[in-house]
Amino acid sequence: MLSPGAILILVIAVFLGAPYTPLDSNTLFVTQKFGETSRVAKNLLLVTAHPDDEAMFFAPTLLALTRKPEVNVFHLCLSDGNADGLGSVRKAELGVSVELLGIPKQKSWVINHPQLKDNITAEWDSAVIARAVKPYVTELKIDTVLTFDTRGISGHPNHISILEGVKTLIQNINATTPNEPLPRLFSLFSAPLATKYISLTSVVMGKLDLYIYFALRKLEDLVIFVISYQDPTILAPLIPRHEEMGASPVFISGYEGYLTSLSAMTAHASQMVWFRWLYVGFSRYMWANAWDEVHF
Ligand SMILES: *[C@@H]1O[C@H](CO)[C@@H](O)[C@H](O)[C@H]1NC(C)=O
Ligand SMILES: *[C@@H]1O[C@H](CO)[C@@H](O)[C@H](O)[C@H]1NC(C)=O
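Here it is as structure tokens:
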């Protein structure tokens, strides 16, 4: 029998050991509709609302993506975060933060639009967002846009507005160039409040989830192998399968990634009030990101 002390040590060991290395699935945001060839992210644009969003919420994704030479990662921040009159300071902090996360400063922009002001009670107009983001999407040939989901992680209305704005943009592009492949849109999953501040627990659970998924994939491959052996044509529409395809994209940082996210956060020195220290200590978004594709 294991004594309670031994069990406690085992649990602590699992928690401290789990973040030793990063683990990701579907890092290229691969999707495939039945019978079509798969789509892979090549030019990605992350759209955020305020300087520090990129470090506070999206760091695990950015760190994994910017390690991949085959993808170009761009970042667009829709406001300079001037709610407290610190706009120019925060812009400079953002430059340091994105570089730490692997995005050259030249690939990160801040829009300072009069109708997209940092304001904790203001919803931003979708049409204004669509117009502001459009030149970046077309000129950079963006195929994959990443942003907040309908709950905006923290519920900030500026965050929530972006999803609708980008949807409006993609619909406009669809209306003007109906035959071009449209950019795909992915939103960062907002965890329910109860699991938002679980820090390392998100690493343990996220990794467990991914390992189970990988095991099921192996099983599926085996089944496909057996079926194809019997009749090679039966699964032909699904082949070639992209190696990464399948799971929704998940990014889990290791210790090194966490420390990088932490330095990116502290680069936003003007924002590091006491409760932000609690945030960086306990938030799951400092460790893990999960993405959903937005269909419309
Ligand atoms: C923020 O938005 C609210 C509601 O949209 C508005 O009433 C208020 O004046 C805005 N504050 C600033 C500082 O612009
Ligand atoms: C694009 O336009 C076509 C034709 O009007 C429509 O069927 C399709 O649903 C649109 N796609 C999006 C993403 O809006």
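Heads up: the sequence shown runs through residues -17 to -1, 1 to 279, numbered per mature numbering (1 follows the signal peptide of the UniProt record, and there is no 0). Positions of the beta carbon are idealized from the N, C-alpha and C atoms, including for glycine.
For residue j and residue i, the rounded distance between their alpha carbons
i, j, result
"arginine 167", "valine 120", "11 Å"
"glutamate 37", "threonine 31", "7 Å"
"threonine 184", "phenylalanine -3", "7 Å"
"methionine 39", "aspartate 126", "24 Å"
"proline 161", "threonine 130", "23 Å"
"isoleucine 156", "alanine 252", "39 Å"
"leucine 77", "aspartate 132", "22 Å"
"glutamate 276", "alanine 250", "31 Å"
"serine 173", "valine 206", "34 Å"
"residue 288", "valine 209", "With the chain represented from -17 up to 279, any question about residue 288 goes unanswered, as that position is not in the structure."
"asparagine 111", "valine 72", "The displayed chain sequence assigns valine, not asparagine, to residue 111. So the alpha carbons of these two residues sit roughly 25 Å apart."
"alanine 24", "proline -14", "48 Å"
"glycine 135", "asparagine 141", "8 Å"
"leucine 199", "serine 211", "18 Å"
"lysine 150", "leucine 59", "16 Å"
"proline 52", "serine 244", "20 Å"
"proline 175", "isoleucine 143", "15 Å"
Sheet register partners of residue i (DSSP bridge)
i, result
"histidine 58", "Leu29, Ser91"
"leucine 129", "Leu29, Phe169"
"glutamate 276", "Phe169"
"arginine 22", "Thr14"
"aspartate 7", "Phe234"
"alanine 271", "Ile235"
Which listed residue (the options) has its alpha carbon closest to that of residue i
i, options, result
"valine 128", "Leu28, Asn9, Tyr268", "Leu28"
"isoleucine 153", "Glu19, Ser62, Ala115", "Ala115"
"tyrosine 241", "Leu59, Leu202, Val186, Tyr212", "Val186"
"glutamine 98", "Asp63, Thr4, Lys179, Leu261", "Asp63"
"isoleucine 145", "Glu239, Asn9, Leu199, Leu171", "Leu171"
"threonine 20", "Pro164, Trp107, Ala113, Trp257", "Pro164"
"phenylalanine 41", "Gln213, Gly85, Asp101, Phe258", "Gly85"
"leucine 61", "Leu45, Ser(-15), Thr49, Ser109", "Ser109"
"glycine -1", "Val263, His278, Lys190, Glu203", "Lys190"
"tyrosine 268", "Leu(-8), Ile195, Pro43, Glu106", "Pro43"
"serine 246", "Gly229, Gly264, Lys90, Ser231", "Gly264"
"leucine 11", "Arg73, Gly229, Gly18", "Gly229"
"asparagine 102", "His139, Asn9, Ala177", "His139"
"glutamine 89", "Val81, His96, Asn95", "Val81"
"lysine 179", "Ala198, Ala(-5), Leu261, Leu193", "Leu261"
"asparagine 26", "Lys124, His96, Pro87, Ala47", "Lys124"
"phenylalanine 17", "His142, Pro87, His225", "His225"
"threonine 104", "Ile94, Ser137, Val13", "Ser137"
"asparagine 65", "Ala47, Lys100, Asn9, His96", "Lys100"
"glutamate 147", "Ile94, Glu106, Pro175, Gln15", "Glu106"
"alanine 177", "Ser266, Phe169, Asp192, Phe197", "Ser266"
Residue i, buried or exposed, once every other Cβ within 10 Å from all chains shown has been counted against 16
i, result
"asparagine 55", "buried"
"glutamine 254", "buried"
"alanine 75", "exposed"
"arginine 50", "exposed"
"valine -7", "exposed"
"serine 91", "buried"
"glycine 68", "exposed"
"residue 289", "Limits of the chain in this structure are -17 at one end and 279 at the other, which puts residue 289 out of reach."
"valine 256", "exposed"
"threonine 159", "exposed"
"aspartate 204", "exposed"
"histidine 278", "exposed"
"phenylalanine 258", "exposed"
"threonine 14", "buried"
Item to check | At least 3 beta-carbon pairs within less than 8 Å: the stretch 231 to 241 vs the stretch 263 to 272 | outcome: yes
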